[in-house]
Structure formats: C-alpha cells, structure tokens
Amino acid sequence: MNKFFSLFKKNKATGERNTFLLMGVIITGLILLMVIVGIFYTPYNPTKMDSSAKLQGISFKHIMGTDNMGRDVFSRVMYGSRITVAIAMFTIFIGAGIGTIIGALTGYFGGIADEITMRIIDAMLAFPSILLSLVFVSLFGTGTYQVAVALGISFIPSFARIVRGEFLRCKNMDYVEVARLQGVSDIRIIFVHILPNTVGVLLSSVMIGFNNAVLAEAGLSFLGIGAQPPYASLGKMLSDAQSYLFNRPSYVISIGFVIVLMVLGFSFLGEGIKRIK
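Counting in the working numbering, the sequence shown runs from 69 upward without gaps.
Printed below as a string of structure tokens:
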C-alpha cells in the first residue's frame, strides 16, 4: 500500500509529482465506481418509460434530466456505462491477449514467419480501426457481443506491433543470453524472462487501447450497429439524443461529458504509467 501511494509523491530526481497518474486514478476511479454501483442500483429503472416526464431539464429529481421516452438520463448513463466499459474491456482482452502472443513469438524467433505476419499486420494497420471494425461487423452481424469481437480483432495488430518491438529490444540483452547459456527453454525465456520487462509499455498501451475501444464502440453504436434495444451503450444514447441538441442540449451534453471523462481518465492513467520511473 505504501508503495502505491509513493507513486504520487514528488520524484526526488526531478522534483515533480506524477499529476497525470493522480488525475487518472481519481477520474477512472469515479467512472468505475459509477459502473459498479450501476450494476446493483440505479435511482430509477433505466428502461421504464414515462410519457408524462419526457425531456425534462436538470433538477434535483433528475440530475441529468430525462430523455425523449421519459427515462432518467443519469440512470441510463449508469446502465449504459457498464455496457460500454464491458465491451471496451472485452476488446482489450482479445486485442492485447492475442496481440501479445503474436508479438512475443514473432519478435523472439524472427525469420520468415515474422516477415509474413508483420506484412499482414502492416496491411491491417493501414486501415483505421473503426473502418476495420465495420468490415468485421459486416461478417459477424450487429449486437453487443459481435461488436466486442470485431473490435477485439481489429485491435490485435497494434498490440502485436508494440510487443514485437519490445521483444526485439530485449531478446539480445545480457540476462536473456545468460538464461540461454543455462539451458532455459525459449518458451520460458519469452514468458518468464522477457515478457515481465514489457509490462510497463504494455500497460500504458492497454490504457490507450481502452480509450480507442470506448471511442470505437461509441462510434459503432452511434451508427446503430452496436448494442441493440433494450440494451443501451453511451454511443447509442448519444445517437438518440442528437435530435434534441437544440431544444434540450443538456440531454446531449451530459452523455457526451461522461464519454469524454471516461476517455480523459484512462488517457491520464496511461500517461502517468509511462512517467513512472
């Protein structure tokens, strides 16, 4: 615990405090707290419609107002955030998991398999992740799980490229050469000796990847190919709210603010992790 809190203290060498990490932990902590609480409790039923309470403004009763169906927006945000976070986490699980294995093996062994794999990855990286995701969604179909899988596959190349670069940097270092001389197997060297030394870079990449996953999911849901009714992610809610931008701007702003806050929190967290010495 003391080691955790020491990360926020001033660096003795530079005299600077890791403000990015502190802000990232605070913002991300608040978002995750809202998501966790939303699993067990919401102020109102997020799916129950009330025609007598349509498009009400911000008040003590409804702190983010109500939507075009009379549903409490804050309850919907709590409900939608957990779906957005779940999709983003599943996306990173697939992308980082498979990408790390591919990058580790190709970076360590090299050879013709590495060249072929990297050319395929370069071709995939030539397309924006959102466009690549649309291709996979067209194959798998629309829906929460389909979007999560599509995004996960589209994120594999970036993680594979990052991990491969770290393995190319580490595989000829002294501690790896010593392990080889001692007869340690290649698989053990990869996953026990080298991979732990890539955790810092990988963790920072995961934070950035999470941001991209949130934005990509929001974009796909905004287009109507993400979470389907009665489920709702933040992107789908933002799509529903755009029609009321001028006559009920707080409806749009409140949902957009949560998306920005979520992305900002993980951005700060990723930058803070990069600055840990």
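A virtual CB, placed ideally from N, CA and C, is assigned to each residue, including glycine. Source: prediction; values computed, not measured.
Note on Asn280: 16 or more other CB atoms within 10 angstroms of its CB, so buried under the neighbour-count rule. For Pro317, the enclosing alpha helix (DSSP H) has its first and last residue at 317-342. Here Arg144 is actually not in contact with Met330; their C-beta atoms are around 15 Å apart, not less than 8 Å. Counting of Cβ neighbours within 10 angstroms places Met146 among the buried residues, the total reaching 16 or more. Assignment of Thr134 by DSSP, reduced to helix, strand and coil, places it in the strand class. Taking 4 residues as the shortest admissible run, the region 219-278 contains the following complete alpha helix (DSSP H) segments, listed from N- to C-terminal end: 242-249.
Scanning its chain for C-beta atoms nearer than 6 Å, with the 5 sequence neighbours on each side dropped, one finds around Asp182 the residues Thr174, in chain order.
When DSSP states are grouped into helix, strand and coil, Asp118 belongs to the coil group. Taking one beta carbon from each stretch, the region 206-217 and the region 176-195 have fewer than 3 pairs nearer than 8 Å; the two do not touch. With a contact defined as Cβ atoms closer than 8 Å, Leu288 and Val215 qualify at about 5 Å. If you compare the alpha carbons of Ala154, Ile151, Arg139, Arg232 with that of Tyr176, the shortest gap goes to Arg232. Here the region 224-239 lies against the region 163-171, with 3 or more beta-carbon pairs under 8 Å apart. Taking all protein chains shown into account, Met186 has 16 or more neighbouring C-beta atoms within 10 Å of its C-beta and is therefore buried. Following the DSSP letters along the chain, one finds Ile189 inside the alpha helix (DSSP H) bounded by residues 179-193. Each residue's CA atom was taken as its position, placing Tyr243 and Asn265 some 11 Å apart. Arg139 carries a coil assignment under DSSP once its states are collapsed to helix, strand and coil.
Residue burial is scored here from C-beta neighbours: Pro114 has at least 16 other C-beta atoms within 10 angstroms and is therefore classed as buried. Residue environment analysis places Gly268 among the exposed positions, since fewer than 16 neighbouring C-beta atoms fall within 10 angstroms of its C-beta. In this structure, Ser149 and Ala284 do not form a Cβ contact; the two beta carbons are roughly 16 Å apart against a cut-off of 8 Å. When DSSP states are grouped into helix, strand and coil, Gln214 belongs to the helix group. Sorting Ala156, Leu89, Phe88, Ile257 by C-alpha distance to the C-alpha of Ala218 places Ala156 at the top. Counting C-beta pairs closer than 8 Å gives fewer than three between the region 308-319 and the region 245-261, which falls short of the contact rule.
For Ser307, the uninterrupted alpha helix (DSSP H) segment begins and ends at 302-309. Here Gly340 has Asn86, Phe88, Leu89, Gly92 as same chain residues with Cβ atoms under 6 Å from its own Cβ, once five neighbours each way along the sequence are excluded.
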